Amino acid sequence: MDKIYIYCDESRHIMNCPNKYMVLGSIWFHASNKEKIKMQFNNLLVKYQYTSEIKWTILSDRRLEFYKELVDLFSKLPLFFRAIVVDKTKIDLKMYHSNNAELSHTKFIYLLLKELVNDENEEYIILLDYKDRDTNKRLHELRKFLSMQCMPSSRIKQLQEVASHENIFIQLADLFIGAIGYDMNQINTSRAKMEFCSYLKDTFNIDSFRRTTPKQEIKFNLFNI
């Protein structure tokens with residue numbers, strides 16, 4: 012039985028921030044491919060002598076070619092991305108989420124994951140970007156949702172938060188969801204970021220991040236809520 016690693020992050024999720032859309036995303040792959048994938052990314056980091064954390068917020072002209080090459084490498088490896096885009100104006104915290112923004116975030120993470128943890132022949136290691144919130148409660152609620160709706164708890168071998176600066180897959184998720192959120196919210200303040208968004212769409216033949224991709228499209232999968 013193989014294991015599947017799933018790394019998750021979220022962007023523009025603060026309810027009172029001015030951005031209309033928030034994005035939650037995951038990078039996932041089979042454990043049997045992990046070392047090969049890490050080696051390829053490490054080689055790219057060495058090529059560019061890059062020692063900083065990969066983050067959407069610091070994408071600039073100076074980093075653009077390196078970030079584009081990250082997209083190229085992702086496209087060639089047995090590595091997959093899924094994201095959900097949420098229109099925050101449609102979230103009714105009082106009616107559906109017990110007036111609790113954190114509970115709503117956990118439910119959206121569940122929606123992100125539920126299409127990925129549905130194979131009873133697999134085991135899952137789920138790693139979330141660390142947030143300065145009530146970690147234990149957040150993870151308990153998420154495990155409860157997944158166990159009730161998708162997968163026996165025994166199949167979820169690990170569910171925890173990790174620091175993004177220590178994990179390139181969380182960083183890659185941050186980069187992709189940052190681009191999607193930037194494009195969806197029509198921020199358009201950086202030439203480099205706008206060019207990267209176009210490059211990401213062109214690489215995966217996506218006309219618009221506003222369109223949900225077919226369910227069977229697993230390389231770069233988008234779901235709009």
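Offset between the sequence shown (1-based) and my numbering: plus 11.
Just so you know, even glycine gets a beta-carbon here, dropped at the ideal spot from N, CA and C.
All figures in this text were calculated on a predicted structure; none of them were measured in a lab.
Based on the DSSP output, what are the partners of residue i in its beta bridges?
i      : result
ILE236 : In DSSP, ILE236 forms no bridge with anything.
LYS14  : GLU134
ILE217 : Its beta-bridge partners do not exist; DSSP assigns none.
If you compare alpha carbons, which of the options is closest to residue i?
i      : options                        : result
TRP67  : ILE15, ASN129, ILE179          : ILE179
LEU170 : SER71, CYS19, GLU206           : CYS19
LYS118 : ARG154, ASP140, LEU88          : ARG154
ASP72  : ARG222, GLN227, THR223, ALA203 : ALA203
SER219 : SER201, ASN196, GLN227         : ASN196
ILE38  : ASN53, GLN182, PHE156, LEU157  : GLN182
ARG222 : VAL97, SER86, THR200           : VAL97
GLU64  : CYS208, ALA174, LYS226, SER22  : ALA174
SER101 : ILE188, CYS208, PHE207, MET33  : The sequence shown places Lys at residue 101, rather than the Ser named in the question. If we check each option's Cα against that of LYS101, MET33 comes out closest.
ALA240 : LEU35, LYS14, SER115           : One cannot answer for residue 240 here, as it falls past the ends of the chain, which runs 12 to 236.
LYS31  : MET159, ILE198, ASN53, SER209  : ILE198
ILE15  : GLU134, GLU152, THR200, LEU70  : GLU134
For residue i, which of helix, strand or coil comes out of DSSP?
i      : result
GLN169 : strand
PHE52  : helix
SER37  : strand
ARG73  : coil
TYR32  : strand
SER201 : coil
ARG93  : strand
GLU21  : strand
LEU88  : coil
LEU139 : strand
MET106 : Its pLDDT being 47, under 50, MET106 is placed unreliably in this model, and the value from its coordinates should be taken loosely. Helix at MET106.
Quick one: measure Cβ to Cβ for residue i and residue j, integer angstroms, because I've assumed they're closer than 8 Å.
i      : j      : result
LEU81  : LEU186 : 7 Å
ILE229 : ILE137 : Wrong, their Cβ atoms sit about 17 Å apart, outside the cutoff.
LEU124 : LEU157 : 6 Å
GLY192 : SER22  : 5 Å
Do the stretch 86-96 and the stretch 229-236 make contact, defined as three or more Cβ pairs closer than 8 Å? yes
I'd like to know if the stretch 40-47 and the stretch 203-214 are in contact, where contact means that at least 3 CB-CB pairs between them fall below 8 Å. no
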